[in-house]
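Below you'll find the structure, written out as structure tokens, and then a few comments.
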Amino acid sequence: MALPLGIFLGGCVIAIPVVTGVAQGVEHQKKQNEEAANESRMWKFNCLVSCDADDEIAEEELNNAMLIVRHDKVWVVSSEDNKPTPPVEGTTPPLHPFAGFYIQYPDENRFPPERGLVTTISDEPPMLNWVYCDKETYELRYANRTGSLEHHVGVWDWTEDETRLNFDGWEGFIAIDEWDGADEDPNTPWGKEGLRWAVYFDKDDNGLKGRHKGRDMFEITLTRRIQSAEEQLKQNEAAEKKMQVKSRGGLSTQFSAPTKERDKEWEKKFGDEAKKKYEREVREAKEKLERLRREEEQREGTIWKGSRKEDAQD
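Going left to right, the sequence shown walks through residues 913 to 1226 as the numbering used here numbers them.
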């Protein structure tokens, strides 16, 4: 006697999630391999800010500006010659422009892994931190891995033309007046330095309802400006002057070594042998992916054929 339809379908329903889960894992591995080969995601860039709001203040303070990182927050300030212009002269240490790149966030509990965004937060000493969206306020902040772990750390990406930043698939960045319309703010560290416009992300796509607290806000666009080789060389030279090694948030943030040792280390990581090893690993990963795909197709066919065969025999 043939099996009841429900039992037959039940067997298939059990099989489908298994097949789907494996297929998703294979597809994710494929994407990881492709992204690993995309070196342009590792190019360091600054963030230029534009705002097309029909408002005099927005035009003056938010358009043709750039991002900086200070006081654990991300700010918009005016710029000149691709350098931030401090609102208050003599600010020390000098304002530090956002200078970041994309890299996978190190957290085994996030699956699939999320692409994160890091930025230098100082040149002396050279340090990197993760940029994240605060889970309560939705403001953009930065911290080491421990400080960012419980918040929204990705997925960071660029637009299709690779020119502008987006987060969670869209450009929902907003600048909010932290002074709440006042002419000055002498009571906060950032207010004393003239930092007024903090960056938030409209994660719920509702105009930050319940979070902007009536403060002035404007939508902004963040455009990548790839740093020149000269700029990056200067930063690397500054980092190499340090005489200690320190790790913060899973990222190497300070590096120093005698010249000969440093040259050997560089050759080991980036020389011809390292390139050959990288190409070999990419090739092997692609072969493994193709093998897994074929095996998965065979398993999927076996599951369906087996179910139908049993049904026919009964």
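From the three backbone atoms N, C-alpha and C, an ideal C-beta is built for every residue, glycine too.
In whole angstroms, what is the alpha-carbon distance linking Glu1105 and Glu1202? Position 193 of the sequence shown, counted from the start, is the residue given in the question as residue 1105. Position 290 of the sequence shown, counted from the start, is the residue given in the question as residue 1202. Those two C-alpha atoms are separated by around 56 angstroms.
Neighbourhood of Arg1206 by C-beta distance below 7 angstroms, restricted to the same chain and skipping five residues each side: Locating residue 1206 in the sequence shown gives position 294, where the first residue counts as 1. If we look at Arg1206 and ignore the five residues flanking it on each side, it has no Cβ neighbours.
As assigned by DSSP and simplified to three states, the class of Ile980: Start at 1 with the first residue of the sequence shown, and residue 980 comes out as number 68. Strand.
With burial defined as no fewer than 16 other Cβ atoms inside 10 Å of the residue's Cβ, what is the status of Thr1031: buried or exposed? Against the sequence shown, residue 1031 aligns to sequence position 119. Per the 10 Å Cβ criterion, buried.
In the DSSP assignment, the alpha helix (DSSP H) including Ala970 goes from what residue to what residue? Counting from 1 along the sequence shown, the entry for residue 970 is found at position 58. It spans Glu968 to Glu973 - the alpha helix (DSSP H) in which Ala970 sits, taken as one unbroken run.
Straight-line CA distance for Ala1110 to Asp1019? Residue mapping note: residue 1110 aligns to position 198 of the sequence shown, counting from 1. Residue mapping note: residue 1019 aligns to position 107 of the sequence shown, counting from 1. The alpha-carbon atoms of Ala1110 and Asp1019 are separated by roughly 27 angstroms.
Just to confirm the assignment, what range does the beta strand (DSSP E) spanning Trp1042 have? Indexing the sequence shown from 1 puts residue 1042 at position 130. Note, Trp1042: beta strand (DSSP E), Pro1038 to Cys1045.
Closest Cα partner of Lys1121 within the set Thr1049, Glu1199 and Gln1144: On the sequence shown, position 209 is the one that residue 1121 refers to. Ranking the options by Cα distance to Lys1121, first place goes to Thr1049.
Beta strand (DSSP E) segment containing Arg1123, residue limits: For the purposes of this step, residue 1123 is taken as residue 211 along the sequence shown, with counting starting at 1. No beta strand (DSSP E) contains Arg1123, which DSSP labels as neither H nor E.
If you scan the stretch 1054-1139 from start to end, which runs of the alpha helix (DSSP H) of 4 or more residues do you find wholly inside it? 1057-1060 and 1101-1104
Could you check whether the stretch 976-989 touches the stretch 952-966, counting it as contact only if at least three pairs of C-beta atoms, one from each stretch, sit closer than 8 angstroms? yes
I'd like the list of long-range same chain contacts for Tyr1112, defined as Cβ closer than 7 angstroms, with 5 residues on each side in sequence excluded. One-based indexing of the sequence shown puts residue 1112 at position 200. The answer, listed in chain order, is Tyr1050, Glu1051, Leu1052, Ile1086, Ile1088 and Leu1120.
Tell me, please, whether the stretch 1022-1041 touches the stretch 1061-1078 by the rule of three or more beta-carbon pairs shorter than 8 angstroms. yes
Status (buried if at least 16 other CB within 10 Å, exposed otherwise) for Leu1107: Against the sequence shown, residue 1107 aligns to sequence position 195. Buried.
Quick check: the stretch 1052-1062 against the stretch 1094-1101, are there 3 or more CB pairs under 8 angstroms? no
Between the C-alpha atoms of Ala927 and Glu1199, what's the straight-line distance to the nearest angstrom? By one-based count along the sequence shown, residue 927 stands at place 15. By one-based count along the sequence shown, residue 1199 stands at place 287. With a pLDDT of only 40 at Ala927, under 50, the local geometry of the prediction cannot be trusted, and the value read off the model is given with reservation. Those two C-alpha atoms are separated by around 26 angstroms.
Going by DSSP, what residues sit across from Gly1028 in a beta bridge? By one-based count along the sequence shown, residue 1028 stands at place 116. Answer is Ile1015, bridged to Gly1028.
Go ahead and label Gly1161 buried or exposed: buried means 16 or more other beta carbons lie within 10 angstroms of its beta carbon, across all protein chains shown. Counting from one through the sequence shown, the residue named residue 1161 turns up at place 249. Per-residue confidence for Gly1161 stands at a pLDDT of 48, beneath the threshold of 50, marking its modelled position as unreliable; the derived number appears in the next sentence. So Gly1161 ends up on the buried side.
Would you mind stating whether Tyr1054 and Val981 have Cβ atoms separated by less than 8 angstroms? Position 142 of the sequence shown, counted from the first residue, corresponds to residue 1054. Position 69 of the sequence shown, counted from the first residue, corresponds to residue 981. In this structure, Val981 lies closer than 8 angstroms to Tyr1054 by Cβ.
Spatial neighbours of Gln936 in its chain, beta-carbon cut-off 6 angstroms, leaving aside the 5 residues before and after: Sequence index remark: in the sequence shown, residue 936 carries index 24 (1-based). Its pLDDT being 47, under 50, Gln936 is placed unreliably in this model, and the coordinates cannot settle the point.
Hey, quick one: how far does the beta strand (DSSP E) through Leu960 stretch, first residue to last? Stepping through the sequence shown from its first residue, residue 960 is reached at position 48. That run of the beta strand (DSSP E) goes Phe957 to Ser962.
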